[in-house]
């Protein structure tokens, strides 16, 4: 595999991930592979079960996994650099365009970061989207 040791498994879409199944997370009965994030996380039935999971203090009781945030109050659950609670329970910069500033108006769904453009159609006439920024076309 061409994946680094921290994310040694290749997902079906070709991303390097921490796990693909519970077996990839060791023998502990309290750790599972979260299928949404492909990360080994603590199992839970309440927030108190997540006290040992640093950075993931809340229990998503529907999925029974510890997460960074639940979304109900992302402002207090997430840090200012990643103020939005995404559906997967991770604190991110943006989940949709409405979370982005005017200077970087589009949310890249692959990275959950605000960018200037996602495609050429996001740019004014005479510019193209290069590395997530609108750049003048060569004349």
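Residue numbers (the numbering used here): 800 to 938.
From the three backbone atoms N, C-alpha and C, an ideal C-beta is built for every residue, glycine too.
Residues of its chain near residue i, where Cβ-Cβ distance is below 7 Å and the 5 sequence neighbours each way are ignored
{"i": "residue 836", "result": "887 and 889"}
{"i": "residue 868", "result": "857, 876, 877, 884, 888 and 890"}
{"i": "residue 906", "result": "893, 894, 895, 896, 898, 899 and 913"}
Pick from the options that is closest to residue i, judged by C-alpha positions
{"i": "residue 885", "options": "838, 908 and 825", "result": "908"}
{"i": "residue 816", "options": "822, 826, 803 and 825", "result": "803"}
{"i": "residue 851", "options": "920, 825 and 840", "result": "840"}
{"i": "residue 862", "options": "826, 929 and 842", "result": "842"}
{"i": "residue 903", "options": "932, 925, 826 and 880", "result": "932"}
{"i": "residue 901", "options": "916, 910 and 911", "result": "916"}
{"i": "residue 821", "options": "880, 814 and 834", "result": "834"}
Contacts around residue i, its chain only, beta-carbon distance under 6 Å, and the 5 residues preceding and following it disregarded
{"i": "residue 894", "result": "883 and 885"}
{"i": "residue 870", "result": "884"}
Paired residues, beta bridge with residue i - DSSP
{"i": "residue 933", "result": "928"}
{"i": "residue 809", "result": "815"}
{"i": "residue 884", "result": "890"}
{"i": "residue 875", "result": "For residue 875, which the question treats as bridged, DSSP gives no partner whatsoever."}
Unbroken beta strand (DSSP E) run spanning residue i, endpoints
{"i": "residue 907", "result": "905 to 907"}
{"i": "residue 859", "result": "857 to 859"}
{"i": "residue 912", "result": "912 to 914"}
{"i": "residue 865", "result": "864 to 866"}
Helix, strand or coil at residue i according to DSSP, with G and I counted as helix
{"i": "residue 898", "result": "helix"}
{"i": "residue 836", "result": "coil"}
{"i": "residue 844", "result": "coil"}
Contacting residues, own chain, Cβ-Cβ under 8 Å from residue i (five flanking each side not counted)
{"i": "residue 819", "result": "808, 810, 832 and 837"}
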